[in-house]
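Heads up: the structure comes next, in structure tokens.
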Amino acid sequence: MKLIILDRDGVINQDRDDFVKSIDEWIPIEGSMDAIAFLTQAGYNIAVATNQSGIGRKYFTVQDLTEMHAKMHRLVRQAGGEIDGIWFCPHTAADNCDCRKPKPGMICDILERFKADPAETWLVGDSLRDLQAMHEAGGKTALVMTGKGKKTLSQQEKELPENTQIFDSLLAFSQYIMHEAAQDRADGQANP
């Protein structure tokens with residue numbers, strides 16, 4: 073099963089220091105809807121893995137989150153893509169749960185649900201905790217320079233998981249994946 077896992081805030085939509093709390097505050101990053109469409113059309117399942125401690129902090133409700141995700145689904149579909157599942161952790165760090173990134177619980181749940189090989193699965197994130205969760209689960213990691221990505225790279229570069237790839241945006245990542253897929257097809261035709 074071909075699977076790509078995406079963090080949400082800072083990768084798909086603009087992040088905010090005071091949390092994305094409503095449908096009006098949920099604003100897609102330029103090119104992210106097209107990126108998801110490209111990946112969908114290339115045969116990838118797309119899952120979203122997002123920490124949403126704003127729920128645990130009472131900044132917004134699960135209903136608010138559901139409305140934001142409905143908007144995201146609608147915009148992705150309008151672009152020709154599909155999100156196959158959304159996983160979120162509503163807990164705060166003080167809850168010490170297994171699903172909050174950087175712990176790998178949420179990522180492992182997604183991998184199990186899709187019966188995906190971790191070694192063949194990417195996670196695209198903008199923070200060290202995103203990448204640590206996927207690395208712990210045995211997957212491939214990509215850091216984007218949107219959201220907190222530039223800060224993550226400048227302040228925590230030495231802590232990035234080995235072989236982390238760096239991209240300007242989710243759109244740039246999708247173009248890389250499309251290029252790799254085209255190269256694999258060309259190699260397959262050259263060596264039947």
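Residue numbers (the numbering used here): 73 to 264.
Cβ coordinates follow ideal geometry from the N, Cα and C atoms, glycine included.
Quick caveat, the model's predicted, so the values are computed rather than measured.
Return helix, strand or coil for residue 232, following the three-state DSSP convention. In this structure, DSSP gives residue 232 a state outside helix and strand, which the three-state scheme calls coil.
Alpha carbon to alpha carbon, what distance is there between residue 203 and residue 233? Rounded to whole angstroms, residue 233 to residue 203 spans 7 Å at the Cα level.
Since residue 205 and residue 174 are thought to touch, with beta carbons under 8 Å apart, how far apart are those beta carbons, to the nearest angstrom? Right, their Cβ atoms sit about 5 Å apart.
DSSP state of residue 161 mapped onto helix, strand, coil: Three-state result, residue 161: strand.
Determine, using beta carbons only, whether residue 111 and residue 249 come nearer to each other than 8 Å. Contact flag set, yes.
Run through DSSP, which three-state label would residue 238 get? Looking at residue 238 - three-state DSSP - the assignment turns out to be strand.
Within 10 angstroms of its Cβ, does residue 153 collect 16 or more other Cβ (buried), or is it exposed? The Cβ neighbour count for residue 153, taken over all protein chains shown within 10 Å, is at least 16; the residue is labelled buried.
Where DSSP assigns a beta bridge to residue 136, which residues make up the other side? DSSP lists no partner for residue 136.
Using the rule of at least 16 other Cβ atoms within 10 Å of the residue's Cβ for burial, across every protein chain shown, is residue 265 buried or exposed? In the structure displayed, the chain extends from 73 to 264; residue 265 sits before or after that span and is not available.
Length of the line joining the Cα atoms of residue 142 and residue 229: Answer to the nearest angstrom: the Cα atoms are 34 Å apart.
Is DSSP giving residue 115 helix, strand or coil here? Reduced to three states, the DSSP call for residue 115 is coil.
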